[in-house]
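Structure first, then comments.
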Amino acid sequence: MKFKYTDYHVHTNWSLDIEENGPKFEDYIAVAEENRINVCFLEHYELYYLEKDKNTPFHDENIYNYLEEIDTLKETYDFILSGLEIDYYPEKETQLREFMDDNARDIDFIAGTIHEWIPNYPITLRDKIIELLEKIPMKQIINEYFEVSESLIRSKIFKNICHIDTVFRYINENDIIPEDDCDVSDDLALKLGRLCIENDVRIEYNLSGRRFPINRPFPSRDVISKLKKEGGKVFVGSDSHKISYFKKTIPDLKKAYDFLSFV
Ligand SMILES: [Zn+2]
Ligand SMILES: [Zn+2]
């Protein structure tokens with residue numbers, strides 16, 4: 003890649019959760035070039051939504067158009083990568099393996115991710131987690147999140163994993179207060195990170211936490227330092243859904259790589 007630093011995690015209007023008239027490839031490219039960073043488009047790819055919603059950007063084999071658009075841009079810009087943030091569901095392993103067999107070689111960077119394991123209840127949306135809390139105890143949500151994450155890693159479908167403790171995006175002392183019987187310590191993320199090391203899965207240091215009351219990366223700086231020291235491979239992502247956030251986070255991205263190179 004052309005530059006020293008890479009933001010591995012930005013979303014364009016190819017992702018379902020981007021607002022109307024949201025950022026396009028070119029918007030990121032202009033800012034990335036000016037700030038001398040490489041950028042990887044890590045769009046959401048969610049099998050459940052693809053099956054039921056014909057408006058999802060990747061519906062109907064659109065993945066080929068997506069890759070073609072990026073290929074065209076690559077002729078001019080040598081600091082961009084194509085990528086996907088693919089939702090893992092234990093019951094969809096066969097389909098996910100087939101998708102990877104068919105497409106992984108054409109895509110620069112693919113990361114596995116968990117936003118929901120009960121379809122339609124993504125724990126990355128505040129109102130959905132509140133709805134879910136009316137159905138199942140908080141402790142169970144946290145435990146199940148880490149159990150499904152373990153399956154993702156053990157499945158070996160993905161070489162990279164996003165935001166390993168994102169279940170704490172809203173469940174934390176600054177937001178939805180954890181109940182007394184819940185383990186919200188760093189131990190769960192550490193354990194998961196160590197499983198990544200054992201399975202040679204690269205761990206994201208996700209800088210999106212600044213957008214939320216928790217105001218820390220996923221996982222925390224302390225956890226990522228420990229994992230790096232223990233041999234973990236790490237990539238850094240801003241998880242930008244807006245250009246303003248992408249721009250604002252670039253200094254933090256560079257600092258994160260510098261700090262990680264010294265651990
Ligand atoms: Zn995500
Ligand atoms: Zn993302």
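For the sequence shown, the residue numbers in my numbering are 3 to 265.
For every residue, glycine included, the Cβ atom is placed at its ideal position computed from N, Cα and C.
- According to the DSSP assignment, A32 belongs to the alpha helix (DSSP H) that extends over F27 to E36.
- Taken atom to atom, the span from the alpha-carbon of H243 to that of C42 is near 13 angstroms.
- Separation of L49 and V12 (C-alpha to C-alpha, rounded to the nearest whole angstrom) is 20 angstroms.
- Between W16 and Y79, the C-beta spacing is not below 8 angstroms.
- For a cut-off of 8 angstroms, the C-beta gap from L86 to I112 is around 5 angstroms, short enough to register as a contact.
- Unbroken beta strand (DSSP E) stretches of 3 residues or longer found wholly inside the stretch 186-247: 204-208 and 236-239, given in chain order.
- The beta carbon of D167 sits no closer than 7 angstroms to any heavy atom of ligand 2.
- If you draw a straight line from the Cα of N105 to the Cα of N64, it is about 12 angstroms long.
- The beta carbon of K158 sits closer than 7 angstroms to the beta carbons of N201 from its chain, once the five residues preceding and following it are set aside; these are given in chain order.
- Take Y51, set aside five residues on each side of it, and the residues of its chain with a beta-carbon closer than 7 angstroms to its own are L18 and T58, in chain order.
- Counting along the chain, N40 sits inside the beta strand (DSSP E) bounded by residues I39 to Y47.
- With contacts defined by Cβ atoms closer than 8 angstroms, V236 and L209 do not form a contacting pair.
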